[in-house]
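These notes concern the structure reproduced below.
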Amino acid sequence: MNRAWLWTGLAVALLGVGAYALYRYLAPTPLPEGILYANGHVEGTEVRVAAEVGGRVVDSALVEGEPVGAGAPLVRIDPADYEIALKQARADLLTLDAEARGIGDEIATWRHHLASAARELERYRRLGAQGSVSPQRLEEATDREREARGRVDALEARLAANRARQEAAAARRALAESQLARTEVRAPRAATVLVKAIEPGELAQPGQTLAMLVDLTDLELTVYVPERELGRLRLGAPARVRVDAFPERYFEARIERIDQRAQFTPREVHMPEERVLTVFGVTLNVTNPDGALKPGMPADAWIRWNPDTPWPEPLWIPR
Numbered sequence: 001m002n003r004a005w006l007w008t009g010l011a012v013a014l015l016g017v018g019a020y021a022l023y024r025y026l027a028p029t030p031l032p033e034g035i036l037y038a039n040g041h042v043e044g045t046e047v048r049v050a051a052e053v054g055g056r057v058v059d060s061a062l063v064e065g066e067p068v069g070a071g072a073p074l075v076r077i078d079p080a081d082y083e084i085a086l087k088q089a090r091a092d093l094l095t096l097d098a099e100a101r102g103i104g105d106e107i108a109t110w111r112h113h114l115a116s117a118a119r120e121l122e123r124y125r126r127l128g129a130q131g132s133v134s135p136q137r138l139e140e141a142t143d144r145e146r147e148a149r150g151r152v153d154a155l156e157a158r159l160a161a162n163r164a165r166q167e168a169a170a171a172r173r174a175l176a177e178s179q180l181a182r183t184e185v186r187a188p189r190a191a192t193v194l195v196k197a198i199e200p201g202e203l204a205q206p207g208q209t210l211a212m213l214v215d216l217t218d219l220e221l222t223v224y225v226p227e228r229e230l231g232r233l234r235l236g237a238p239a240r241v242r243v244d245a246f247p248e249r250y251f252e253a254r255i256e257r258i259d260q261r262a263q264f265t266p267r268e269v270h271m272p273e274e275r276v277l278t279v280f281g282v283t284l285n286v287t288n289p290d291g292a293l294k295p296g297m298p299a300d301a302w303i304r305w306n307p308d309t310p311w312p313e314p315l316w317i318p319r
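Residue numbers are given in full-length UniProt numbering: position 62 of the sequence shown equals residue 62, and the series is strictly consecutive.
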């Protein structure tokens with residue numbers, strides 16, 4: 001009987017020890033005071049490269065995942081039509097300029113005739129007042145002066161119209177030059193090709209996306225922090241980031257922005273019980289010198305809000 005009680009007590013004791021051990025194993029492991037855990041997805045500044053002119057793509061240097069320098073050629077659109085338009089506009093300008101010079105010469109000639117006719121008319125008017133010239137001669141002088149003035153006015157109107165056509169031709173030339181330059185699509189900044197959206201031989205339309213670029217040296221991670229923790233965070237506070245692809249590596253980061261307005265936790269947060277909390281978005285700027293991190297990667301982040309707290313090695317995700 002005593003032996004039975006002994007075995008029963010021992011079993012109860014073992015059960016209690018096992019339950020305690022299981023509790024200790026399953027109980028949340030807190031991080032050191034001064035370290036805050038959060039998670040999110042890596043984001044990059046994406047740049048959409050679009051066609052500014054239409055035409056068939058004749059060449060492409062786009063390779064997904066490859067870096068490109070600022071100003072590097074990405075896509076070349078067939079320039080033939082724009083070269084023709086530029087040649088036509090230049091030819092129109094030359095023709096109009098030659099026409100304007102001819103009109104100018106005519107104006108100079110007829111202004112000379114007008115001046116002579118005006119002097120003659122004035123002389124005949126004085127003689128007519130003295131009765132020394134016949135009315136017929138005076139009328140002929142008046143007609144010559146009127147004709148010369150009419151020719152000058154007509155030529156000046158032609159010259160004004162010519163200048164208007166020259167302005168229109170100059171505008172066509174500038175447009176053709178601009179469009180021709182835009183057939184060579186270049187990278188607006190140093191970045192990495194994220195998406196190649198067109199192939200040689202395809203027809204590009206103005207505004208159509210040709211590629212998506214992302215600057216892998218300027219990545220961000222937005223995490224969501226409960227309101228009760230917000231007062232501990234400061235801009236510039238250090239953080240460390242880890243992704244599943246590199247479980248043994250930590251990427252240095254710092255707090256870049258803190259949202260000024262609360263929101264309910266977005267669905268992409270991993271822990272369902274946290275999705276009902278009111279939180280604030282905190283954006284971390286993550287260093288990525290070798291381009292190992294990519295946009296879209298899920299990431300864990302640890303923010304050290306207390307500068308006196310040393311970084312634990314290794315960091316862990318609190319359960």
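Think of the CB as a built atom: it goes at the ideal place given N, C-alpha and C, for glycine as much as any other residue.
According to DSSP, what are the bridge partners of residue i?
i: threonine 283; result: Thr222, Arg257
i: threonine 278; result: Phe264
i: glycine 44; result: Leu219
i: arginine 186; result: Pro73
Alpha carbon to alpha carbon, how far is residue j from residue i? Give it in angstroms, no decimals.
i: glycine 128; j: glycine 150; result: 24 angstroms
i: glutamate 199; j: alanine 70; result: 21 angstroms
i: alanine 38; j: proline 295; result: 18 angstroms
i: arginine 232; j: leucine 284; result: 15 angstroms
i: alanine 253; j: leucine 221; result: 9 angstroms
i: asparagine 306; j: valine 225; result: 16 angstroms
i: valine 58; j: aspartate 92; result: 29 angstroms
i: valine 63; j: lysine 196; result: 7 angstroms
i: leucine 155; j: alanine 100; result: 10 angstroms
Cβ-heavy atom distance between residue i and the ligand PLP below 6 angstroms?
i: isoleucine 35; result: The ligand PLP is not part of the structure shown, which contains no ligands of any sort.
By the DSSP assignment, the beta strand (DSSP E) with residue i in it spans what residues?
i: serine 60; result: 55–60
i: leucine 194; result: 191–196
i: tyrosine 250; result: Note, tyrosine 250: premise wrong, no beta strand (DSSP E); not H, not E.
i: proline 73; result: 73–77
Residue i by DSSP, collapsed to three states: which one?
i: proline 314; result: coil
i: alanine 181; result: helix
i: aspartate 300; result: strand
i: alanine 38; result: strand
i: valine 241; result: strand
i: glycine 207; result: coil
i: aspartate 308; result: coil
i: tyrosine 23; result: For tyrosine 23, the predicted structure reports a pLDDT of 45, less than 50, and the residue's modelled location is therefore unreliable. The matter cannot be settled from this model.
i: valine 152; result: helix
i: alanine 160; result: helix
i: alanine 292; result: coil
i: isoleucine 67; result: With the sequence shown as reference, residue 67 is identified as proline, and isoleucine is not the correct amino acid for it. Proline 67: strand per DSSP, three-state reduction.
i: alanine 50; result: strand
Span of the alpha helix (DSSP H) holding residue i?
i: tryptophan 110; result: 80–130
i: leucine 235; result: Where leucine 235 is concerned, there is no enclosing alpha helix (DSSP H), given that its DSSP letter is neither H nor E.
Short check: CB of residue i to CB of residue j, under 7 angstroms?
i: alanine 239; j: isoleucine 303; result: yes
i: valine 75; j: valine 185; result: yes
i: phenylalanine 280; j: leucine 230; result: yes
i: tyrosine 124; j: alanine 148; result: no
i: alanine 115; j: alanine 176; result: no
i: leucine 210; j: arginine 56; result: no
i: valine 152; j: arginine 111; result: yes
i: proline 67; j: threonine 192; result: yes
i: residue 333; j: isoleucine 103; result: The structure shown does not extend to residue 333, since the chain is modelled only from 1 through 319, so no value can be given for it.
i: isoleucine 255; j: alanine 237; result: yes
i: glutamine 179; j: tyrosine 82; result: yes
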